[in-house]
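> Attaching a single structure in structure tokens format; questions to follow.
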Amino acid sequence: MYDAYELVMKLQNLVVSPLALSILAIFILLEFQKISLKVEGAGGAPMLGFEMIIKSFIKFAICYIVILKIQMLLDGIIVISSNLASKVLQLGSESKVKDVTERISQAVGDLEFWQQMTVLLVVCVLFLVALVVRVLIQVTIYLRFLELYIFCAMAPIPMGALPSQEFSTMTKSFFKNFAATGLQATFIALVLIIYPILFMKIMEDLGSNMWGIILGLTVYMIALLLSINKTKGWAKTLLSA
């Protein structure tokens with residue numbers, strides 16, 4: 001992961017930042033053109049032009065600093081979201097989820113031999129499905145990291161459009177999307193600690209019936225997969241509310 005981070009930083013500093021500074025320079029020229037037109041329309045008022053130029057210089061200086069130090073802001077967002085996710089997982093680890101092995105063994109022991117063979121086949125299928133679900137969840141987590149790296153690499157470009165009123169929404173959208181991607185880790189952590197507790201509640205309601213346990217496992221895996229895939233949408237909804 002650290003090697004990927006170093007590559008992203010090199011790409012940001014050597015390729016993307018110069019491009020962002022060029023975009024910023026274009027907006028500076030356009031801003032000065034607007035100032036000259038306004039001063040000319042006001043009859044060449046010198047104080048008006050001086051005041052507008054000073055304000056523009058301050059604005060562009062702030063944008064220049066933001067472009068150079070954007071990674072510090074992004075690292076801060078990542079640290080906050082990571083701390084939230086770790087604290088959520090710590091709270092989840094304090095409430096241990098009971099092991100269902102004994103309940104499954106008891107339910108299987110009450111069945112006849114051929115029923116046990118049928119259950120074995122069904123459980124094998126569920127095991128394969130569980131592997132697929134685990135792989136998909138892992139892929140979702142890795143894609144989140146990849147998305148964060150891509151955002152970090154391209155971050156200076158939307159910052160270069162910050163001075164423009166027409167394109168400043170690009171900067172706001174970037175920060176919202178980046179924060180949503182970071183906050184997604186917290187939602188994933190919430191899903192991972194809440195769903196096992198809900199699963200145990202289902203097991204308590206269904207009792208020791210084997211087919212009820214299988215149904216509970218199936219519902220648990222499908223719901224877990226769907227919820228993990230929807231965490232990004234939840235984060236975006238929260239930040240856009």
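Our numbering puts the first residue of the sequence shown at 1, with every later residue one more than the last.
C-beta atoms are modelled at their ideal positions from N, C-alpha and C, and glycine is treated no differently.
(1) Please state whether DSSP places Leu162 in a helix, a strand or coil.
(2) Thinking Ala155 and Gln12 are a contact (beta carbons under 8 Å), I'd like their distance in whole angstroms, please.
(3) How long is the line joining the alpha carbons of Ile78 and Glu204, rounded to whole angstroms?
(4) By the 10 Å Cβ neighbour count, where 16 or more other Cβ atoms means buried, how is Glu166 classified, buried or exposed?
(5) Please go through the segment 105-190 and give each complete alpha helix (DSSP H) segment of 4 or more residues, from N-terminal end onward.
(6) Given this structure, state the Cα-to-Cα distance separating Ala185 from Leu225, to the nearest angstrom.
(7) Could you check how far apart the C-beta atoms of Met221 and Val133 are, in whole angstroms? I think they sit under 8 Å.
(8) At a cut-off of 8 Å, would you count Leu239 as near the ligand FAD, judging by its Cβ distance to the nearest heavy atom?
(9) What first and last residue would you give for the alpha helix (DSSP H) that runs through Val16?
(10) Where Pro163 and Thr218 are concerned, what is the direct C-alpha to C-alpha distance, given to the nearest angstrom?
(11) Could you tell me the alpha carbon to alpha carbon distance between Val191 and Gly216, rounded to whole angstroms?
(12) DSSP three-state call for Lys69: helix, strand or coil?
(13) Mind reading off the beta-carbon distance from Ile202 to Thr231? Whole number of angstroms is fine, and I expect it under 8 Å.
(14) Does the beta-carbon of Ser22 have 16 or more other beta-carbons within 10 angstroms, so that it is buried, or is it exposed?
(15) I'd like the list of long-range same chain contacts for Gly160, defined as Cβ closer than 8 Å, with 5 residues on each side in sequence excluded.
(16) Report yes if the CB atom of Leu183 is closer than 9 Å to the CB atom of Leu84, and no otherwise.
(17) What do you reckon, are the CB atoms on Pro196 and Phe174 nearer than 9 Å?
(18) So, Met9 versus Gln71, is the Cβ gap smaller than 9 Å?
(19) For my contact list, Ala153 and Val39 are in at a C-beta cut-off of 8 Å; report their separation, rounded to the angstrom.
(20) Given a cut-off of 9 Å, decide if Leu148 and Thr171 are closer than it, judged by their beta-carbon atoms.
(21) Quick check: is the beta carbon of Gln116 nearer than 9 Å to any beta carbon in chain D?
(22) At the level of alpha carbons, what is the spacing between Val88 and Phe199?
Put simply:
(1) Leu162: coil per DSSP, three-state reduction.
(2) Contact holds; Cβ gap of about 7 Å.
(3) Their backbone Cα atoms lie some 39 Å apart in a straight line.
(4) Classification of Glu166: exposed, given that the 10 Å Cβ count is below 16.
(5) The segment 105-190 contains these whole alpha helix (DSSP H) runs: 113-154, 156-160.
(6) Going from the Cα of Ala185 to the Cα of Leu225 covers about 15 Å.
(7) Yes, they are in contact, since the Cβ atoms of Met221 and Val133 sit about 5 Å apart, within 8 Å.
(8) Of the ligands one can find in the structure shown there are none, so the ligand FAD has no counterpart to examine.
(9) Where Val16 is concerned, there is no enclosing alpha helix (DSSP H), given that its DSSP letter is neither H nor E.
(10) Taken atom to atom, the span from the alpha-carbon of Pro163 to that of Thr218 is near 52 Å.
(11) Each residue's Cα considered, the two are about 17 Å apart.
(12) Collapsing the DSSP output to three states places Lys69 in coil.
(13) Not confirmed; about 21 Å, so no contact.
(14) With fewer than 16 other Cβ atoms within 10 Å, it is exposed.
(15) Closer than 8 Å at Cβ, skipping near neighbours: Leu19, Ala20, Leu21, Ser22, Ile23, Leu24, Phe27, Cys63, Ile67.
(16) The answer is yes: Cβ separation under 9 Å.
(17) No, they are not a contact pair.
(18) Yes, these two residues count as a Cβ contact at 9 Å.
(19) Taking 8 Å as the upper bound for CB-CB distance, Ala153 and Val39 are not in contact here, some 40 Å apart.
(20) Going by C-beta atoms, Thr171 is not nearer than 9 Å to Leu148.
(21) Of the protein chains in the structure, only one exists, and it is not chain D.
(22) Rounded to the nearest angstrom, the two C-alpha atoms are 18 Å apart.
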